[in-house]
Amino acid sequence: MDLHSVMLTLHIVAGSVALMTMMMAYVTKKGPKAHAKFGRVYGMAMVAVGLTAAILFLLGASTFLLLIAFFSTYLVLVGWRFAKNRRGDIGAVDRWLLIMGAVGGIGLSAMAAWIAISGEAPLGTSRGFAVVPAIFAAVLIGLVVQQRMLQSGEKGPRGKQRIALHVTYMGAGTIATVTAFTITVFGSNVLTWLGATVIGTPLLMWNQIGVDKGKVASSVTAMDDSTEA
Numbered sequence: 566m567d568l569h570s571v572m573l574t575l576h577i578v579a580g581s582v583a584l585m586t587m588m589m590a591y592v593t594k595k596g597p598k599a600h601a602k603f604g605r606v607y608g609m610a611m612v613a614v615g616l617t618a619a620i621l622f623l624l625g626a627s628t629f630l631l632l633i634a635f636f637s638t639y640l641v642l643v644g645w646r647f648a649k650n651r652r653g654d655i656g657a658v659d660r661w662l663l664i665m666g667a668v669g670g671i672g673l674s675a676m677a678a679w680i681a682i683s684g685e686a687p688l689g690t691s692r693g694f695a696v697v698p699a700i701f702a703a704v705l706i707g708l709v710v711q712q713r714m715l716q717s718g719e720k721g722p723r724g725k726q727r728i729a730l731h732v733t734y735m736g737a738g739t740i741a742t743v744t745a746f747t748i749t750v751f752g753s754n755v756l757t758w759l760g761a762t763v764i765g766t767p768l769l770m771w772n773q774i775g776v777d778k779g780k781v782a783s784s785v786t787a788m789d790d791s792t793e794a
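What follows is the structure, encoded as structure tokens:
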């Protein structure tokens, strides 16, 4: 088995683990026990997805797939960071995550422009596929700007706001994970690339409203309140 086959196998295994642990994290009670453990494995699996995607790119895989790996891994890592960072500390890891997200956003924007102008689309698609990286770029850049604004002071988000951001970024990472799964199963087209986003975004907004009202992840928020007290 050559290096490409090994990396591809590891990439698929990591993606499968990410998909399964993501689902388990969503169905378990929010808090420091099972939910956090599944979330931790999910985060590590997504890091493995990103690393193997980078190696596959060096071995000749699509640039677009590398950028999507940047997109999804950034979202999950920032969501994970908000989950762990109860005190709102701002450090080098946050700056590196901002750089990672910015690189992915700029790359996806450039990819969208290239497809629209040249008509050379990846994965056997047409010029109209430019809408996919354009939408992903807009989402990613928006979340990077939000992260930068929220971490511009001495302390980052804490309490209920921190949990809301954890839900937002992890939720967006979940959409990216489901997108990868649907593409693998049903093939590559605009519908499979954007279907999870169209369905998942309203669900994410609904979940976000639940967090704001204290109906979701209340046990974690309570831990924050006791820590700050």
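As numbered in the working numbering, residues 566 to 794 make up the sequence shown, in order. Ideal Cβ placement from N, Cα and C applies to all residues, glycine included. Every value quoted in this text rests on a predicted model; they were computed, and no experiment measured them.
key: Residue from Gly656, Ile620, Leu616 whose Cα sits closest to the Cα of Gly718   = Out of Gly656, Ile620, Leu616, Gly656 has the C-alpha closest to the C-alpha of Gly718.
ask   = Is Gly608 buried or exposed, if buried means 16 or more other CB atoms sit within 10 Å of its CB?
value = buried
inquiry  = Quick test of your reading: Gly707 and Ile740, contact by CB under 8 Å. State the CB separation rounded to the nearest angstrom.
reply    = No, Gly707 and Ile740 are not in contact; Cβ-Cβ is about 14 Å, not under 8 Å.
query = Exposed or buried, Ile680, counting other C-beta atoms within 10 Å across all chains shown (16 or more means buried)?
reply = buried
query = Thinking C-beta only, is Ala667 closer than 7 Å to Pro698?
reply = no
key: Contact set for Met585: own chain, Cβ-Cβ below 7 Å, skip 5 residues either direction   = none
inquiry  = One question on the structure: do Ala618 and Leu631 come within less than 7 Å of each other, judged by their Cβ atoms?
reply    = Taking 7 Å as the Cβ cut-off, Ala618 and Leu631 qualify as a contacting pair.
ask   = Apart from the five residues just before and just after Asp790, which ones in its own chain have a Cβ nearer than 7 Å to its Cβ?
value = With a pLDDT of 43 at Asp790, under the threshold of 50, the modelled position of this residue cannot be trusted; read the value that follows with caution. Gly724.
message = Helix, strand or coil for Gly604? Go by DSSP, reduced to three states.
response = helix
message = Quick check: the Cα distance between Gly580 and Glu685, rounded to an integer number of angstroms?
response = 27 Å
inquiry  = Once the 5 residues before and after Ile700 are set aside, which same chain residues still bring their CB inside 8 Å of it?
reply    = Leu759, Thr762
query = Could you give the distance in angstroms between the alpha-carbon of Gly604 and the alpha-carbon of Tyr734?
reply = Roughly 13 Å separates the two Cα atoms.
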